[in-house]
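Sequence order for the protein chains is V and P.
Just so we're aligned, residue 1 is where the first sequence starts under this note's numbering, counting upward by one.
Just so we're aligned, residue 1001 is where the second sequence starts under this note's numbering, counting upward by one.
Before any comments, here is the structure.
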Amino acid sequence: EPEVTQTPSHQVTQMGQEVILRCVPISNHLYFYWYRQILGQKVEFLVSFYNNEISEKSEIFDDQFSVERPDGSNFTLKIRSTKLEDSAMYFCASSRSGNTIYFGEGSWLTVV
Amino acid sequence: GENVEQHPSTLSVQEGDSAVIKCTYSDSASNYFPWYKQELGKRPQLIIDIRSNVGEKKDQRIAVTLNKTAKHFSLHITETQPEDSAVYFCAASIRAAGNKLTFGGGTRVLVKP
């Protein structure tokens, strides 16, 4: 069964550094998402992406965040200047039709 | 925006018993309600979903019910097994192109052998 894949699985970064999290959505999916989950808390929506542009973003997704689909398969989340409170599990997700959403295994980001 | 409340936050049941998790939502436009199971350190995995044009859906030991008037939906797990132990999240969205999921706070289920 096709899966959403993410890299890296775990990254430790210094506060203020830039981080890029990478995702390969399921191949015939058209809608892409980033969610995050702070340890022990619920999953929170960050951004959705369709037809090469952001379709919706949350208040968490401020100017330090950006997303890109640089080619036909990858979908990236960039955090420009990381803060301690950015430490979380970041989940990429994709959907064929915008309904059923499938999640990747997550990238655990630790900012020190 | 949408707000989803989930109860209880923790649930301990004896193996073989049933478990029920309840969620309420605030946006009457929401019409798609998935349930995800998340094991420790793993991805949320879709286990069942329901759309607002049906009141109940069942898949083996798992069932979901929806009351649109009251804006609540529930997950029922029968004949629980130790491998059902996980965190379960309900979510709501408007079933339109690309719409986001709003998650509940999660229920940690422990099935005691």
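Even for Gly, the Cβ is constructed at its ideal location relative to N, Cα and C.
For clarity, every value in this text was computed on a predicted model and none was experimentally measured.
Applying a beta-carbon distance threshold of less than 7 Å, which residues of chain V neighbour residue i?
{"i": "residue 1031 of chain P", "result": "Those within 7 Å of residue 1031 of chain P in chain V number zero; the least Cβ separation is about 10 Å."}
{"i": "residue 961 of chain P", "result": "For chain P, the structure presents residues 1001 to 1113; residue 961 of chain P sits outside this window and is missing."}
Which stretch, first to last residue, makes up the beta strand (DSSP E) that contains residue i?
{"i": "residue 1062 of chain P", "result": "1062-1067"}
{"i": "residue 111 of chain V", "result": "107-111"}
{"i": "residue 1059 of chain P", "result": "1056-1059"}
{"i": "residue 1049 of chain P", "result": "1045-1051"}
{"i": "residue 1005 of chain P", "result": "1004-1007"}
{"i": "residue 1087 of chain P", "result": "1086-1092"}
{"i": "residue 1074 of chain P", "result": "1072-1077"}
{"i": "residue 1108 of chain P", "result": "1107-1112"}
Please identify the residue among the options whose C-alpha is closest to the C-alpha of residue i.
{"i": "residue 104 of chain V", "options": "V/82, V/110, V/97, V/89", "result": "V/89"}
{"i": "residue 63 of chain V", "options": "V/52, V/81, V/20", "result": "V/81"}
{"i": "residue 1103 of chain P", "options": "P/1015, P/1040, P/1046", "result": "P/1046"}
{"i": "residue 95 of chain V", "options": "V/44, V/10, V/50", "result": "V/50"}
{"i": "residue 110 of chain V", "options": "V/87, V/100, V/16", "result": "V/87"}
{"i": "residue 123 of chain V", "options": "V/52, V/39, V/35, V/98", "result": "Absent from the model: residue 123 of chain V. The displayed extent of chain V is 1 to 112, so no value can be given."}
Find the residues of chain V that neighbour residue i, judging by a C-beta separation of less than 9 Å, and give them in chain order.
{"i": "residue 1010 of chain P", "result": "Near residue 1010 of chain P there are no residues of chain V at all, since even the closest Cβ is about 12 Å away, more than 9 Å."}
{"i": "residue 1095 of chain P", "result": "98, 99"}
{"i": "residue 1049 of chain P", "result": "99, 100"}
Against residue i, what residues of chain P qualify as contacts under a CB-to-CB distance less than 9 Å, listed in chain order?
{"i": "residue 45 of chain V", "result": "1100, 1101, 1102, 1103"}
{"i": "residue 104 of chain V", "result": "1043"}
Exercise. In the segment 1012-1046 of chain P, which residues sit with their C-beta less than 9 Å from some C-beta in chain V, listed in chain order?
Worked result: Within the segment 1012-1046 of chain P, the residues whose Cβ lies closer than 9 Å to some Cβ of chain V are 1032, 1034, 1036, 1038, 1041, 1042, 1043, 1044, 1045, 1046, listed in chain order.
Problem set entry | the segment 45-78 of chain V: positions lying closer than 7 Å to chain P by Cβ | Residues of the segment 45-78 of chain V with a C-beta less than 7 Å from any C-beta of chain P: 45, 48, 50, 55, 56, listed in chain order.
Problem set entry | alpha helix (DSSP H) segments (min. 4 residues) lying fully within the segment 41-112 of chain V | Taken in chain order, no unbroken stretch of alpha helix (DSSP H) lies wholly in the segment 41-112 of chain V with a span of 4 residues or more.
For this session: Quick one: which residues of the segment 1066-1088 of chain P get their C-beta closer than 8 Å to a C-beta of chain V? List them in chain order.
Result: Contacts with chain V (Cβ-Cβ distance below 8 Å) from the segment 1066-1088 of chain P involve no residue at all.
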